[in-house]
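With our numbering applied, the sequence shown has no gaps in its numbers, which climb one by one up to 146 at the end.
For every residue, glycine included, the Cβ atom is placed at its ideal position computed from N, Cα and C.
Keep in mind that this is a model prediction, so the values were computed, not measured.
Take a look at the structure set out below.
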Amino acid sequence: MTTNDINSEVDRKTQSVVGSVLSARMDKSITVLTIRQYKHPLYKKYIRRSTKIHAHDEDNVCKAGDTVVIEHCRPISRTKSWRLLRILKRSEQE
53 MTTNDINSEV DRKTQSVVGS VLSARMDKSI TVLTIRQYKH PLYKKYIRRS TKIHAHDEDN
113 VCKAGDTVVI EHCRPISRTK SWRLLRILKR SEQE
């Protein structure tokens with residue numbers, strides 16, 4: 053097996069997260085709210101933290117309220133280094 057065969061078999065694992073779209077007003081960009089939950093090391097209480105991430109939406113298909121999967125990629129602009137992978141659920145509001 054050559055090194056080229058090994059590289060073709062390796063599946064590139066990129067970081068991906070699920071979140072809801074807060075804003076889709078920018079051209080080819082969306083703002084996604086992701087929520088993570090972790091246990092406090094001392095008090096053992098579960099704490100929820102949220103993060104707003106700017107992601108690249110090439111075709112402008114997302115609307116506010118959609119549930120999406122985004123993946124980490126190379127830097128696209130100063131604030132964008134995530135891109136839209138797929139839409140899991142559309143929002144009901146029109």
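{"query": "Other residues of its chain near serine 131: CB distance less than 8 Å, five sequence neighbours each side excluded", "result": "First, the amino acid is wrong: residue 131 is threonine here, not serine. Excluding sequence neighbours, threonine 131 sits near His106."}
{"query": "Outcome for serine 68 when other beta-carbon atoms lying within 10 angstroms are tallied against a minimum of 16", "result": "exposed"}
{"query": "Short Cβ contact (8 Å threshold) for valine 84 with lysine 115", "result": "no"}
{"query": "Buried versus exposed, by CB contacts within 10 Å (16 or more), serine 102", "result": "exposed"}
{"query": "DSSP-derived helix/strand/coil call for isoleucine 128", "result": "coil"}
{"query": "Proximal residues to tyrosine 90 (C-beta, below 8 Å), its chain only, five neighbours per side dropped", "result": "Tyr98, Ile99 and Arg101"}
{"query": "Runs of beta strand (DSSP E) wholly within the stretch 64-92 (minimum 3 residues, chain order)", "result": "68-75 and 81-91"}
{"query": "For aspartate 79, the nearest candidate out of Asp109, His92 and Tyr95 (CA to CA)", "result": "Asp109"}
{"query": "Beta-bridge pairing of tyrosine 2 - partner residues as DSSP gives them", "result": "Residue 2 lies beyond the residue range present for the chain, which begins at 53 and ends at 146; the question has no answer from this structure."}
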